[in-house]
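> First the structure, which I've put down as structure tokens, then a few questions once you've had a look.
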């Protein structure tokens with residue numbers, strides 16, 4: 044809504060300026076003369092009309108300016124469409140409890156991260172902001188976020204948040220966001236297509252070779268999108284997390300962080316390593332040798348494209364995460380098929396490691412989203428109250444359970460309803476051996492570079508060239524001493 | 075005078091800021107977004123020493139040449155010439171159809187074209203499969219031609235309207251005189267009408283080249299620059315570098331380079347606008 048107001052105001056401003064300047068609203072050469080004559084007329088008729096013009100313009104500019112200024116009695120919030128179901132009742136409860144108005148800005152999921160970063164850096168973001176957890180440290184390091192420790196201490200439900208997950212949303216010891224949920228990642232698969240390809244279900248691959256073997260069989264059976272492995276820049280963080288990092292973690296032994304993007308001990312980015320090369324070779328096999336079509340990664344809406352492919356029986360394996368239990372149908376949990384129907388259609392299996400000596404047998408990496416407060420919030424206390432109203436257990440528990448989200452607070456995760464849920468119990472077991480992203484400043488850049496690498500593989504580039512270029516980019520960004528190479 | 079100065083001032087201010095940022099390491103987020111420093115010509119050097127810029131420039135040139143100059147302009151002119159002077163229903167139908175493409179929002183158009191050119195889309199169901207061929211995944215296998223055609227469909231209306239108005243302005247007597255002198259229809263168009271509407275052609279070229287060179291929404295929504303980097307035009311490359319990678323300094327250098335290229339092209343067109351001596 045704020046966007047709409049701002050946009051409208053800019054339009055008003057634009058038209059007012061045009062009016063004021065008496066500019067023709069036409070292209071050069073297309074009837075310029077009549078407008079010019081009108082303009083001359085206005086000036087020769089003397090002061091009255093010109094003054095009127097000026098007054099109208101000043102009034103319009105003043106009106107436009109006042110409409111862009113945030114009203115102080117309001118609290119504003121920006122959130123992604125897929126989180127509507129817990130956020131919107133929270134907003135209603137907040138308005139009922141405080142009498143304040145909430146200006147809610149619901150945004151599409153695609154391009155959401157960029158929009159938030161841009162609005163925060165331009166000083167035009169809302170008071171309360173939903174953010175992907177990987178962005179928190181980066182945004183906090185620039186001073187865009189308000190620390191929540193002090194206010195959190197005064198909220199009786201703050202104690203239930205798991206410290207490890209608060210750590211992900213922290214920077215230099217201060218918490219800047221409260222997590223909404225966490226997740227695990229796995230390989231989803233269409234059971235009917237597996238049967239068609241003659242692959243035993245439940246599918247239990249033990250190495251990358253098993254995964255590629257299944258992909259080949261699915262392809263031979265005529266399944267068009269036999270292995271949807273997120274790749275490329277349009278997939279954004281999904282390419283890094285659901286695809287690249289899940290492979291990377293299983294591509295080499297974990298000692299010395301040889302299977303990561305960052306050496307967490309020294310704080311250096313890994314510019315080149317056998318694990319990075321093996322991961323890219325895997326991408327090359329899937330998209331090059333096996334010939335997986337890349338278009339789902341670049342569809343107008345990749346999420347919708349994957350759902351369509353599933354509905355049309357065109358999907359084989361889909362590298363994704365625990366949220367797909369709802370999101371393969373509807374992320375807001377509306378009209379989901381029954382548990383039995385879903386189980387009959389799709390299954391999932393943990394991502395196996397590469398099979399290299401010392402590499403992990405299965406891999407996992409967890410992310411999640413958070414809600415935080417803008418450092419420029421007009422009233423940080425009201426903003427935090429909106430956050431806690433959304434996260435109130437009465438409101439948030441229902442969403443967590445209905446959408447099979449992995450709980451981030453013990454009062455929900457230890458509740459009987461949560462513990463009795465078969466899907467959540469199985470998914471939570473994967474979380475026993477998970478890791479987090481390298482959520483230090485710079486991650487967003489490195490993640491974008493990783494996405495760029497996968498895009499180049501789709502172009503048919505050689506792994507050697509892609510790695511060389513990847514190595515040089517963090518050197519450009521962070522300096523030679525911040526980048527290491529593993530032989 | 076003052077309002078004009080204000081407008082020029084605002085325009086110069088933004089251009090100067092982009093120009094200044096192109097010499098910095100300013101980032102979108104993180105410490106470098108507040109504590110940036112001057113890096114000299116480093117960003118401009120990287121335009122040529124790092125992969126991305128020259129490839130995107132080439133993609134942009136192909137996209138602009140085929141979709142704007144050849145597609146929109148030539149098709150727009152041909153339609154305008156063919157329908158000139160007629161008042162038939164066909165003219166109304168054609169005008170409404172090409173206007174629909176122009177009026178449809180970019181994002182809606184992107185979804186329509188994606189759906190139409192996918193493996194299960196309209197083109198395959200109506201043409202390819204009934205003819206006995208296996209379905210083709212156009213948007214995956216021929217991404218750049220598909221976005222080029224989509225842009226021709228989207229933007230032909232502008233050229234058509236401009237050329238239509240220009241051809242209407244050609245004096246009937248001049249054309250009739252040429253006819254009496256024995257000029258063929260082709261000669262009448264090539265030797266009589268085209269020289270008269272030459273300024274209009276140049277104006278149209280100028281507009282659509284600038285517009286298409288920096289065009290972003292349709293191509294980004296349809297393919298996001300992919301698959302891989304097949305449809306990564308300079309505008310998409312600029313977006314990825316500035317907002318995904320978060321390097322606003324480098325992004326500004328790309329925009330300055332785009333400004334220079336478009337400026338040079340504009341000079342060529344402006345020369346075309348000058349009356350021959």
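Protein chains in written order, with the numbering used here: chain R, 44 to 530; chain D, 75 to 351.
The beta-carbon is built from N, C-alpha and C at its ideal position, and this holds for glycine as well.
Can you tell me whether residue 469 of chain R is buried or exposed, with buried defined as 16 or more other CB within 10 angstroms of its CB?
By one-based count along the first chain, residue 469 of chain R stands at place 426. Exposed: under 16 other Cβ atoms inside 10 Å.
> Are the CB atoms of residue 338 of chain D and residue 134 of chain D nearer to each other than 8 Å?
Residue mapping note: residue 338 of chain D aligns to position 264 of the second chain, counting from 1. Residue mapping note: residue 134 of chain D aligns to position 60 of the second chain, counting from 1. No. Outside cutoff.
> Listing by chain order, which chain R residues have their CB less than 9 Å from the CB of residue 184 of chain D?
By 1-based counting over the second chain, the position of residue 184 of chain D is 110. The answer, in chain order, is 343.
> Apart from the five residues on each side of it in sequence, which residues of its chain come closer than 7 Å, Cβ to Cβ, to residue 353 of chain R?
Counted from its first residue, the first chain places residue 353 of chain R at position 310. The answer, listed in chain order, is 233, 371.
> May I have the straight-line CA-CA distance separating residue 343 of chain R from residue 179 of chain D, to the nearest angstrom?
The sequence position of residue 343 of chain R within the first chain is 300, counting from 1. The sequence position of residue 179 of chain D within the second chain is 105, counting from 1. C-alpha separation (whole angstroms): 14 Å.
> Confirm, please, whether the CB-CB distance from residue 285 of chain D to residue 231 of chain D is below 8 Å.
Here residue 231 of chain D is taken as the residue at index 157 of the second chain, counted from 1. Here residue 285 of chain D is taken as the residue at index 211 of the second chain, counted from 1. Against a cut-off of 8 Å, the Cβ pair of residue 285 of chain D and residue 231 of chain D comes out as no contact.
> Short check: CB of residue 229 of chain D to CB of residue 327 of chain D, under 8 Å?
Reading the second chain from its first residue, position 155 is the one you call residue 229 of chain D. Reading the second chain from its first residue, position 253 is the one you call residue 327 of chain D. No.
> Evaluate contact between the segment 165-181 of chain R and the segment 408-419 of chain R, counting only Cβ atoms and requiring at least three cross-stretch pairs below 8 Å.
Segments in contact, yes.
> Write down every uninterrupted run of the beta strand (DSSP E) in the segment 472-528 of chain R whose length is 3 residues or greater and which is fully enclosed by it, in chain order.
Whole beta strand (DSSP E) segments, 3+ residues: 526-528.
> How is residue 246 of chain R classed by DSSP in three states: helix, strand or coil?
By 1-based counting over the first chain, the position of residue 246 of chain R is 203. The answer is coil: DSSP assigns residue 246 of chain R none of H, G, I, E or B.
> Between the alpha carbons of residue 277 of chain R and residue 208 of chain D, how many angstroms are there, rounded?
Within the first chain, numbered from 1, the residue matching residue 277 of chain R stands at position 234. Within the second chain, numbered from 1, the residue matching residue 208 of chain D stands at position 134. Approximately 28 Å, taken between the alpha carbons.
> Report the rounded CA-to-CA distance for residue 127 of chain R versus residue 327 of chain R, giving the unit in angstroms.
Translated into the one-based positions of the first chain, residue 127 of chain R becomes position 84. Translated into the one-based positions of the first chain, residue 327 of chain R becomes position 284. Approximately 38 Å between the Cα atoms of the pair.
> Using a Cβ-Cβ cutoff of 9 Å, what residues of the segment 285-307 of chain D are near chain R? List them in chain order.
So the list reads 294, 295, 296, 297, 298, 299, 300, 301, 302, 303, 304, 305, 306, given in the order they occur along the chain.
> In the DSSP output, which residue or residues are listed as bridge partners for residue 217 of chain R?
Along the first chain, one-based indexing puts residue 217 of chain R at 174. Bridge partners of residue 217 of chain R: R:214.
> Using a Cβ-Cβ cutoff of less than 6 Å, which residues in the same chain neighbour residue 155 of chain R once the five nearest sequence positions on both sides are dropped?
On the first chain, residue 155 of chain R is found 112 positions in, with the first residue counted as 1. Only 123 meet the Cβ criterion.
> Measuring only the C-alpha atoms, how far is residue 299 of chain R from residue 530 of chain R?
Numbered from its first residue, the first chain carries residue 299 of chain R at position 256. Numbered from its first residue, the first chain carries residue 530 of chain R at position 487. Rounded to the nearest angstrom, the two C-alpha atoms are 12 Å apart.
> How would you label residue 162 of chain D, buried or exposed, when you count the other beta carbons within 10 angstroms and need 16 or more for buried?
Numbered from 1 along the second chain, position 88 holds the residue referred to as residue 162 of chain D. Residue 162 of chain D should be labelled exposed.
> Within a Cβ cutoff of 6 Å, which residues of the same chain sit near residue 487 of chain R, ignoring the five residues on either side of it in sequence?
Taking the first residue of the first chain as position 1, residue 487 of chain R is located at position 444. Result list for residue 487 of chain R: 181, in chain order.
> Out of R:198, R:303, R:205, point me to the one whose CA is closest to residue 314 of chain R's CA.
Taking the first chain and counting its residues from 1, the one referred to as residue 314 of chain R is at position 271. Ranking R:198, R:303, R:205 by Cα distance to residue 314 of chain R puts R:303 first.
> Residues in the same chain with beta-carbon distance under 8 Å from residue 248 of chain D, minus the five sequence neighbours each way, listed in chain order, please.
Here residue 248 of chain D corresponds to residue number 174 of the second chain, with the count starting at 1. Contacts found: 266, 270.
> Starting from residue 361 of chain R, follow its DSSP beta bridges and name the residues at the other end.
The residue you call residue 361 of chain R lines up with position 318 of the first chain. According to DSSP, which records beta bridges pairwise, residue 361 of chain R is partnered with R:231, R:271.
> Examine chain R for any beta-carbon lying closer than 8 Å to the beta-carbon of residue 146 of chain D, and answer yes or no.
One-based indexing of the second chain puts residue 146 of chain D at position 72. By this cut-off, residue 146 of chain D is not an interface position.
> What does the alpha-carbon distance come out to for the pair residue 349 of chain R and residue 319 of chain R?
The sequence position of residue 349 of chain R within the first chain is 306, counting from 1. The sequence position of residue 319 of chain R within the first chain is 276, counting from 1. Spanning the two alpha carbons is a distance of roughly 27 Å.
> Compare the C-alpha of residue 179 of chain R against each of R:210, R:203, R:195 and name the closest.
The residue labelled residue 179 of chain R in the question sits at position 136 within the first chain. When only C-alpha atoms are compared, the closest one is R:210.
> Smallest Cα separation from residue 316 of chain D: which of R:242, R:292, R:164?
Here residue 316 of chain D corresponds to residue number 242 of the second chain, with the count starting at 1. Nearest option by C-alpha distance: R:164.
> Between the beta-carbon of residue 319 of chain D and the beta-carbon of residue 491 of chain R, is there less than 8 Å?
Numbered from 1 along the second chain, position 245 holds the residue referred to as residue 319 of chain D. Numbered from 1 along the first chain, position 448 holds the residue referred to as residue 491 of chain R. The answer is yes: Cβ separation under 8 Å.
> If I follow the unbroken beta strand (DSSP E) through residue 149 of chain R, where does it start and stop?
Residue mapping note: residue 149 of chain R aligns to position 106 of the first chain, counting from 1. Run containing residue 149 of chain R: 144-150, per the beta strand (DSSP E) assignment.
> Does residue 408 of chain R come out as helix, strand or coil in the three-state DSSP assignment?
Translated into the one-based positions of the first chain, residue 408 of chain R becomes position 365. DSSP places residue 408 of chain R in coil when its eight states are reduced to three.
> The beta strand (DSSP E) spanning residue 259 of chain R covers which residue range?
Translated into the one-based positions of the first chain, residue 259 of chain R becomes position 216. Per DSSP, residue 259 of chain R belongs to no beta strand (DSSP E); it is in the alpha helix (DSSP H), 251-263.
> I'd like the span of the beta strand (DSSP E) that includes residue 442 of chain R, first residue to last.
Along the first chain, read from residue 1 onward, the residue named residue 442 of chain R stands at position 399. Element bounds for residue 442 of chain R: not the beta strand (DSSP E) but the alpha helix (DSSP H), 436-445.
> May I ask you to list, following chain order, the residues of the segment 446-465 of chain R that have a beta carbon less than 7 Å from some beta carbon of chain D?
If the cut-off is 7 Å between Cβ atoms, the segment 446-465 of chain R has nothing near chain D.
> Is any beta-carbon of chain D found at less than 8 Å from that of residue 517 of chain R?
Taking the first residue of the first chain as 1, we reach residue 517 of chain R at position 474. Not one chain D Cβ lies under 8 Å of residue 517 of chain R.
> Any C-beta of chain R within less than 8 Å: which residues of the segment 200-213 of chain D qualify?
Of all residues in the segment 200-213 of chain D, 211, 213 have a Cβ within less than 8 Å of some Cβ in chain R.
> How many Å lie between residue 508 of chain R and residue 273 of chain R at the Cα?
Here residue 508 of chain R is taken as the residue at index 465 of the first chain, counted from 1. Here residue 273 of chain R is taken as the residue at index 230 of the first chain, counted from 1. Each residue's alpha carbon lies about 21 Å from the other.
> Using a C-beta to C-beta distance shorter than 8 Å, which residues of chain D count as neighbours of residue 491 of chain R?
Stepping through the first chain from its first residue, residue 491 of chain R is reached at position 448. Per Cβ cutoff of 8 Å: 314, 318, 319, 320.
> So residue 123 of chain R is in the beta strand (DSSP E); what residue range does that whole segment cover?
Position 80 of the first chain, counting from 1, holds the residue named residue 123 of chain R. Taken as a continuous stretch (DSSP letters only), the beta strand (DSSP E) holding residue 123 of chain R covers 117-123.
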